Amino acid sequence: MSYNAVLIAIVAGVFTYIIMSTPINPILITNILLGLIAGLLIDRKKS
């Protein structure tokens, strides 16, 4: 796992947390996981 994937996941989680009214929400977890997947795909494309 690279720093890029973790950074994208954190940004996705923070944006979702700001938008959502309840802190623990399945959408928050889903967006963090999608951020991790996007970061991993970006890293694979670069190499």
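Be aware that the sequence shown starts at 70, since it is given in the working numbering, and climbs by one per residue. From the three backbone atoms N, C-alpha and C, an ideal C-beta is built for every residue, glycine too. These figures come from a predicted structure and were not determined experimentally.
Given that a residue counts as buried once 16 or more other Cβ atoms are within 10 Å of its Cβ, and exposed if not, what is L102?
exposed
Have a look at A126 and A74 and give me their C-alpha separation to the nearest angstrom.
What is shown of the chain runs 70 to 116, which leaves residue 126 out entirely.
Using 9 Å as the threshold, is the C-beta distance between A81 and N100 below it?
yes
Over what stretch of residues does the alpha helix (DSSP H) that includes N100 continue unbroken?
P95 to K115
Under 6 Å Cβ to Cβ from I77, same chain only, skipping five residues before and after it: list those, please.
G104, A107 and G108
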